[in-house]
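In order, the protein sequence lines correspond to chains A and B.
Take 1 as the starting number for the first sequence in our numbering and just add one per residue.
Take 1001 as the starting number for the second sequence in our numbering and just add one per residue.
From the three backbone atoms N, C-alpha and C, an ideal C-beta is built for every residue, glycine too.
Here is the structure we will look at, set down as C-alpha cells.
2 protein chains.
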Amino acid sequence: MSSSSGKPASDSRLQILHAAAGCFMERGFHATSIDHVAHRLGATKGIVYHHYQSKMDLFFDVYRVGMTALLSAVSVARQGPGRGLASVRAMLEAHAMAMFEFHAFENVVAQGVQLHRFSAMTPSQRESFDELVASRDRLEQMYKEEVEMAQSAGTVRADLDVSIAVKTILGGVHWSVIWWRPEADEGLQARHQLAQKMVDVLLHGLEPR
Amino acid sequence: MSSSSGKPASDSRLQILHAAAGCFMERGFHATSIDHVAHRLGATKGIVYHHYQSKMDLFFDVYRVGMTALLSAVSVARQGPGRGLASVRAMLEAHAMAMFEFHAFENVVAQGVQLHRFSAMTPSQRESFDELVASRDRLEQMYKEEVEMAQSAGTVRADLDVSIAVKTILGGVHWSVIWWRPEADEGLQARHQLAQKMVDVLLHGLEPR
DNA sequence: GTCTATATGGTGATAGAC
DNA sequence: GTCTATCACCATATAGAC
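And the structure:
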C-alpha cells in the first residue's frame, strides 16, 4: 500500500493510519482532532505531523487504503472462473467481505463520498481528491460492465436500467458500514455467511421463485 | 411538524430548518457553522440562536423532520390496499419518493445514524437523541413485520433472514442520498419512475424469471 | 523521531443595544 | 426579533529543544 507521495508505508505510518481510521469512524472527520488520533496512538501530535503534512492528507490516505482494498477485492473476484451473473455474485461477495475486513477504512470511504469541495485544498490535495473520485467511478464501472455482459449472456434480466440497478445494489452493500459491527461476526465463516445472505437478497430479491 | 419542545413550527423556524438542512447536507454537521446557516438565510446568527438554543438542537430538529417524513410516508403506504409483497413494494416506493422529496433532510438523517455519543449532551438533548434512535428502529421494525407477514402469506421466500434482508434492502434505498441529485429528476413522474426501478431491483434482483 | 510550547484563526454561545 | 460586539475555547499547524 503506497501513500499519496509514492513513499512506501513505514510501520509508524501504518499505525497512524489505523488510529486515524478508528477515530474518523467513531467521530467523523471534522469532529476528530489530531490530538484524538495521537491519544489513540499513545503519543502526541508531533508524531502525526511528522508523518503527515495535514489532517486532510491523513484522511486521503485512509480513504485510499479503503478504496484500494475494495477495488482489489472486486477485481480479483471478477477475474475468477465465474461468468455472467456468477461473476457479479463473486464480486459482490468479495466486496462485502472487504467491507467487513476493512470496516473502519470503509466507513471513512463512505464519509469521503460526501466530502465537499468547500474546504480549501492545496493543488496536491486537489489531485488526491480527484484521484479518489476517479477510483470510486472505476469501481462502479466494473460492476456496470459485468452486468451488461451478463445481460448479453442472458443471465441477467435484459429489461434493467444498469446504472440504477448497480447504484441500488452497491447501496445495499455499502450501507453495511452503518449497521454492521465487528463484534457480532467475528469468525471468517460467520462473515462469509452474512455476505452470502446479503448478496442473495440483492441478486434474487424477496419474491419466491 | 412539531419541534422537540412541542411548540408549533413558526415561519422563521421553518426557514432556519431548511437553511440548516442544506448546510448540513453540503458540509456535514461539524463543518457547518451557525454563521453558514445564517448566511444562507441572508441574516446573522442572532436570529438562529433566538429560535434554537444550540447547534445540536437545530440538528435534532432537522433530523426529526426527515425521520418523521419517512415514517409517515411508509406507514401511510403500509395501510394501503396492498398485502404481502405488494404492501412491501408500496412502502419502499413511498420511502424512495420521500428520500427524494426531503433530500437534504434525509441526508442529515443519514449523518445522524453515525452521530456518536462522544459530544457532551444536555439531558434534554440526550432525550432527543434516544427518541431519534427509537424512531429509526421503528422504521426498520415496520418493514420486518410486513416482510414476515408476507412470508406467512407465501408472497416472500420463506428461507430468508428477515433482519439481514431488510437491512440490505433499506441500504439500497438510503444510499440514494449519496448519488441522487435533485437536478436530474425534477418532475414528479421522473422521480416515480426512478423509485419504481430501484424497488424493482430490490424486490426481484438481477436474475431473469 | 518525539516531545513541549505557542502562534493563529475559527466557532459556539452570550450580552445587550435598538 | 434582529443586530453588533465580544468572550472563551478548541483545533490546526509550526518552531524548536532534545
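- Query: Beta-carbon of A:I16 versus every beta-carbon of chain B: anything under 7 Å?
  - Reply: Position 16 of the first sequence, counted from the start, is the residue given in the question as residue 16 of chain A. Closer than 7 Å: no.
- Determine which residues of the stretch 1165–1183 of chain B have a Cβ less than 8 Å from any Cβ of chain A, and write them out in chain order. Look at the stretch 1165–1183 of chain B: the residues with a C-beta under 8 Å from a C-beta of chain A are A1165, K1167, T1168, I1169, L1170, G1171, G1172, V1173, H1174, W1175, S1176, I1178, W1179.
- Task: Would you check if the distance between the CB atom of B:G1171 and the CB atom of A:G172 is smaller than 7 Å?
- Result: In the second sequence, counting from the first residue as 1, residue 1171 of chain B sits at position 171. In the first sequence, counting from the first residue as 1, residue 172 of chain A sits at position 172. Yes. Within cutoff.
- Task: Tell me where the alpha helix (DSSP H) around A:T168 begins and ends.
- Result: Numbered from its first residue, the first sequence carries residue 168 of chain A at position 168. From DSSP, the alpha helix (DSSP H) with A:T168 extends over 162–174.
- Message: One question on the structure: do A:L139 and A:L71 come within less than 7 Å of each other, judged by their Cβ atoms?
- Response: Along the first sequence, one-based indexing puts residue 139 of chain A at 139. Along the first sequence, one-based indexing puts residue 71 of chain A at 71. Yes.
- Message: Assuming contact is defined by CB atoms lying nearer than 7 Å, are B:A1094 and B:V1074 in contact in what I supplied?
- Response: Within the second sequence, numbered from 1, the residue matching residue 1094 of chain B stands at position 94. Within the second sequence, numbered from 1, the residue matching residue 1074 of chain B stands at position 74. The answer is yes: Cβ separation under 7 Å.
- Query: So with Cβ pairs under 7 Å, would you call A:M198 a contact of chain B?
  - Reply: Indexing the first sequence from 1 puts residue 198 of chain A at position 198. Proximity of A:M198 to chain B, defined by a Cβ-Cβ separation below 7 Å, is satisfied.
- Query: Can you list the residues of chain A that B:G1205 reaches, using a CB-CB cut of under 8 Å?
  - Reply: Position 205 of the second sequence, counting from 1, holds the residue named residue 1205 of chain B. By Cβ distance, chain A contributes V201, L202, L203, H204, G205.
- Query: Can you tell which of B:L1085, B:G1042, B:F1129, B:A1165 has the C-alpha that lies nearest to the C-alpha of B:Q1114?
  - Reply: Your numbering for residue 1114 of chain B matches position 114 in the second sequence. The candidate whose alpha carbon is nearest that of B:Q1114 is B:F1129.
- Query: Does the stretch 1074–1094 of chain B touch the stretch 1028–1043 of chain B, meaning 3 or more C-beta pairs lie closer than 8 Å?
  - Reply: Contact between the stretch 1028–1043 of chain B and the stretch 1074–1094 of chain B is absent, because fewer than three Cβ pairs lie under 8 Å.
- Pair every Cβ in the stretch 1014–1034 of chain B with every Cβ in the stretch 1052–1071 of chain B, then say whether three or more of these pairs are closer than 8 Å. Between the stretch 1014–1034 of chain B and the stretch 1052–1071 of chain B there are three or more inter-stretch CB-CB distances shorter than 8 Å, so the stretches are counted as touching.
- Taking B:A1043 as part of the alpha helix (DSSP H), name the residues at either end of that continuous run. Position 43 of the second sequence, counting from 1, holds the residue named residue 1043 of chain B. Here B:A1043 belongs to no alpha helix (DSSP H), and DSSP marks it neither H nor E.
- Starting from B:E1186, trace the alpha helix (DSSP H) both ways and give me its first and last residue. Indexing the second sequence from 1 puts residue 1186 of chain B at position 186. Note, B:E1186: premise wrong, no alpha helix (DSSP H); not H, not E.
- Message: As a quick exercise: from A:G80, A:Q79, A:F29, pick the residue whose alpha carbon is nearest that of A:F60.
- Response: Position 60 of the first sequence, counting from 1, holds the residue named residue 60 of chain A. Considering only A:G80, A:Q79, A:F29, the residue with the shortest C-alpha distance to A:F60 is A:F29.
- Please state whether DSSP places B:G1112 in a helix, a strand or coil. As a first step, residue 1112 of chain B is located in the second sequence; it is residue number 112 there, counting from the start. If DSSP states are grouped into helix, strand and coil, B:G1112 belongs with the helices.
- Query: Leaving out the 5 sequence neighbours to the left and right, which residues in its chain are closer than 8 Å to A:V156 when beta-carbon positions are compared?
  - Reply: Position 156 of the first sequence, counting from 1, holds the residue named residue 156 of chain A. Within the same chain, and ignoring the five residues on either side of A:V156 in sequence, the residues whose Cβ sits closer than 8 Å to its Cβ are G84, L85, V88, V147, A150.
- Task: Would you kindly work out how many angstroms separate the C-alpha atoms of B:Q1196 and A:D161, rounded to a whole number?
- Result: As a first step, residue 1196 of chain B is located in the second sequence; it is residue number 196 there, counting from the start. As a first step, residue 161 of chain A is located in the first sequence; it is residue number 161 there, counting from the start. It is roughly 11 Å from the alpha-carbon of B:Q1196 to the alpha-carbon of A:D161.
- Report buried or exposed for B:G1046, applying the criterion of at least 16 other Cβ atoms within 10 angstroms of its Cβ. Numbered from 1 along the second sequence, position 46 holds the residue referred to as residue 1046 of chain B. Around the Cβ of B:G1046, a 10 Å sphere holds fewer than 16 other Cβ atoms; the residue is exposed.
- Query: Does the distance from the CB of B:H1067 to the CB of B:S1135 come in under 7 Å?
  - Reply: Reading the second sequence from its first residue, position 67 is the one you call residue 1067 of chain B. Reading the second sequence from its first residue, position 135 is the one you call residue 1135 of chain B. It is Met, not His, that sits at residue 1067 of chain B in the sequence shown. In contact: B:M1067 and B:S1135 (Cβ atoms closer than 7 Å).
- Look at A:M91 and B:T1168 and say whether their C-beta atoms are less than 7 Å apart. Sequence index remark: in the first sequence, residue 91 of chain A carries index 91 (1-based). Sequence index remark: in the second sequence, residue 1168 of chain B carries index 168 (1-based). No.
- Below-7 Å beta-carbon distance, B:E1026 vs any chain A residue: Counted from its first residue, the second sequence places residue 1026 of chain B at position 26. Yes, because at least one Cβ of chain A sits closer than 7 Å to the Cβ of B:E1026.
- Near B:N1107, what residues of its chain come up, given a Cβ to Cβ distance below 7 Å and the 5 sequence neighbours on each side ignored? The count along the second sequence starts at 1 and reaches residue 1107 of chain B at position 107. The answer, listed in chain order, is M1025, V1177.
- Message: Strictly below 8 Å CB to CB, what residues from chain B border A:V156?
- Response: Against the first sequence, residue 156 of chain A aligns to sequence position 156. L1206, E1207, P1208, listed in chain order.
- Query: So which residues of chain A does B:A1237 contact, with C-beta pairs closer than 7 Å?
  - Reply: Only positions 1001 to 1209 of chain B appear in this structure, which leaves residue 1237 of chain B out of reach.
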